[in-house]
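First residue of the sequence shown: 36, per this note's numbering; consecutive thereafter.
Even for Gly, the Cβ is constructed at its ideal location relative to N, Cα and C.
Input: a single structure, listed below in structure tokens.
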Amino acid sequence: MDVSAAASSPFSLRPEAEQAPASGIVDVFNHGRNREGLIPLWVGEGDLPTPSFICDAATRSLAAGETFYTYQRGIPELRQALSRYHERIYGKPVDPERFFITSGGMPAMQIAMRMVSGPGDEVLIPTPAWPNFVGAITVAGARAVGVPMVFGQNGWNLDFDRLQKAVTSRTRAITVNSPANPTGWTATLSDLRMLLEFARRHNLWIIADEIYGRFVHDPALAIDGRAPSFRDVMAPEDRILFIQTFSKNWAMTGWRLGWLEAPPDLGQIIENLIQYQTSGTPVFVQRGGLAALEQGEEFVAHQIARARTGHAIVGRLTETGLVDLPSPSGAFYAFLKVKSAQSSKDIAIRLIEEANVGLAPGSAFGETGEGYLRLCYARKSSDLEEAVRRVNEALPRIAEG
């Protein structure tokens with residue numbers, strides 16, 4: 036909704052509420068909803084249900100009567116487990132007081148945005164980008180400033196000149212999503228050092244979304260099997276808020292369980308914001324997260340292996356000569372450019388009708404994404420192989436108009 040439309044509303048609501056952007060994927064999703072035989076690759080989740088050891092932990096918690104109010108910051112056992120998990124993955128000790136449990140990644144994002152931005156402020160977003168960044172910034176009353184990335188033969192890369200030119204006296208933060216949704220771009224250590232220096236120079240907060248950090252496909256980038264992280268280059272005093280979720284690694288999208296990592300000095304402020312948002316995450320849900328951290332490494336390895344297989348399969352989309360798709364370095368998305376495409380939404384709808392495959396339109400990820408389609412390949416191989424076959428068969432007809 037634009038500003039003029041919001042101003043004309045008969046309800047006299049706050050503009051940050053009325054201007055909250057609708058999902059650009061929903062129209063396409065609704066067009067293909069419940070179609071028999073459709074292969075749905077439009078949303079950011081895999082096809083595996085949550086493992087039983089996680090479900091069993093939550094069930095035991097319910098049976099034990101853990102259904103009361105709890106710690107706003109999260110149960111101590113889960114925060115301590117997060118500390119151990121991060122030390123294992125990143126090789127450095129982490130204070131449990133840095134972790135704050137939230138009811139999903141989006142509440143963590145909204146708390147972060149509300150802490151660092153508000154009316155009159157601006158937040159930079161390298162684009163194409165996960166659309167919920169814009170939503171979280173907008174409902175905080177701030178303005179999202181998209182900064183286009185550069186697309187070339189080797190895929191997407193940051194444009195530091197554009198970032199520099201986008202900074203104003205109102206800029207308060209920059210979001211950094213690596214590995215990225217939707218492009219698969221993965222920051223190098225050099226990128227992260229430059230981003231950190233950029234933020235320091237302009238006194239900006241970094242909102243770091245490293246949710247896909249375990250899913251890295253380029254061996255030249257990998258550090259002990261995971262993507263480079265700001266944790267590899269930051270100093271204790273750096274102003275970085277990490278957004279995280281249990282959704283992707285452990286197939287827990289429907290559980291709504293995530294965490295915000297922040298300097299411990301912000302603890303009371305974050306606790307207050309959690310209190311006024313959800314009053315804490317249910318204990319039985321947190322018990323599931325605890326089981327995921329303590330018992331889930333084999334499952335995560337299985338998820339990563341499936342994604343790498345899917346990564347190879349979707350590379351065949353270039354066989355028609357109608358698609359540009361540099362190999363994504365991380366995450367589990369293919370962001371393919373359909374040559375001569377004008378409307379990604381139109382192409383997505385035609386692929387539903389002519390291929391019975393659901394892809395997300397690139398326009399949902401900002402203006403820079405127009406002409407692209409996002410495909411989630413965190414699925415079983417047979418579905419992906421069939422989807423690629425159908426899309427490759429349909430694209431020549433679509434290209435003809």
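Relative to the alpha-carbon of residue i, which residue among the options has its alpha-carbon at the smallest distance?
{"i": "F88", "options": "V320, G187 and P75", "result": "V320"}
{"i": "L239", "options": "A336, A270 and I275", "result": "I275"}
{"i": "M287", "options": "L295, L256, Q338 and A234", "result": "Q338"}
{"i": "G443", "options": "L371, I172 and D418", "result": "Residue 443 is absent from the model: the chain starts at 36 and stops at 436."}
{"i": "F437", "options": "A434, L256 and A147", "result": "Since the displayed the chain opens at 36 and closes at 436, residue 437 lies outside it and no answer follows."}
{"i": "R236", "options": "P254, I209 and P142", "result": "I209"}
{"i": "Q279", "options": "L231, G176, Q107 and R133", "result": "R133"}
{"i": "L159", "options": "G181, G139 and S138", "result": "G181"}
{"i": "L360", "options": "E329, T218, G345 and I258", "result": "T218"}
{"i": "G324", "options": "T137, T355, E402 and K127", "result": "T137"}
{"i": "E402", "options": "A255, L352, L308 and A164", "result": "A164"}
{"i": "M150", "options": "L295, V423 and H66", "result": "L295"}
{"i": "P271", "options": "R178, E306 and L231", "result": "L231"}
{"i": "P50", "options": "H121, P142, G153 and F64", "result": "G153"}
{"i": "A383", "options": "L394, S375, V373 and K374", "result": "L394"}
{"i": "G293", "options": "R95, G356, G126 and D244", "result": "D244"}
{"i": "A434", "options": "E420, Y407 and V373", "result": "V373"}
Taking the beta strand (DSSP E) that residue i belongs to, which residues open and close that run?
{"i": "D244", "result": "W240 to D244"}
{"i": "V158", "result": "E157 to T162"}
{"i": "Y368", "result": "Y368 to V373"}
{"i": "G302", "result": "Run containing G302: none in the beta strand (DSSP E); it sits in the alpha helix (DSSP H), G302 to Q312."}
{"i": "E420", "result": "Premise fails: E420 lies in the alpha helix (DSSP H), S416 to A434, not in any beta strand (DSSP E)."}
In or out: residue i buried (at least 16 other Cβ within 10 Å) or exposed?
{"i": "Q377", "result": "exposed"}
{"i": "S417", "result": "exposed"}
{"i": "R432", "result": "exposed"}
{"i": "N284", "result": "buried"}
{"i": "Y412", "result": "buried"}
{"i": "A369", "result": "buried"}
{"i": "Q310", "result": "exposed"}
{"i": "D259", "result": "exposed"}
{"i": "Q107", "result": "buried"}
Who are the Cβ neighbours of residue i in its own chain at under 7 Å, not counting the five residues just before and after it?
{"i": "R261", "result": "I124, G248, R249 and V251"}
{"i": "M36", "result": "Because M36 carries a pLDDT of 38, less than 50, the predicted location of this residue cannot be relied on, and the following value inherits that uncertainty. Correct list, in chain order: E53 and Q54."}
{"i": "M441", "result": "Here the chain comprises residues numbered 36 to 436, so residue 441 is not present and cannot be evaluated."}
{"i": "V423", "result": "I348, V349, R351 and L352"}
The alpha helix (DSSP H) with residue i in it runs from where to where?
{"i": "F334", "result": "E332 to V349"}
{"i": "F168", "result": "P166 to V174"}
{"i": "R68", "result": "Note, R68: premise wrong, no alpha helix (DSSP H); not H, not E."}
{"i": "E232", "result": "L224 to H237"}
{"i": "E112", "result": "P111 to Y125"}
{"i": "I387", "result": "S379 to A390"}
For residue i, which residues in the same chain have their Cβ closer than 6 Å to its Cβ, ignoring the five residues on either side in sequence?
{"i": "D253", "result": "S364"}
{"i": "T102", "result": "none"}
{"i": "N391", "result": "G72 and L73"}
{"i": "Q145", "result": "A171"}
{"i": "S118", "result": "V129 and P131"}
{"i": "P84", "result": "none"}
{"i": "P298", "result": "none"}
{"i": "I242", "result": "A147, A208, T210 and L276"}
{"i": "E389", "result": "A429"}
{"i": "R425", "result": "A390 and V392"}
Using a Cβ-Cβ cut-off of 8 Å (strictly less than) and excluding sequence neighbours within five positions of residue i, which residues of its own chain qualify?
{"i": "L233", "result": "The amino acid at residue 233 is misidentified as Leu; the sequence shows Phe. F195, L198, Q199, I209 and L239, listed in sequence order."}
Assuming residue i contacts residue j under a Cβ cut-off of 8 Å, what Cβ separation, rounded to an integer in Å, is found between them?
{"i": "S282", "j": "G140", "result": "7 Å"}
{"i": "F265", "j": "L227", "result": "6 Å"}
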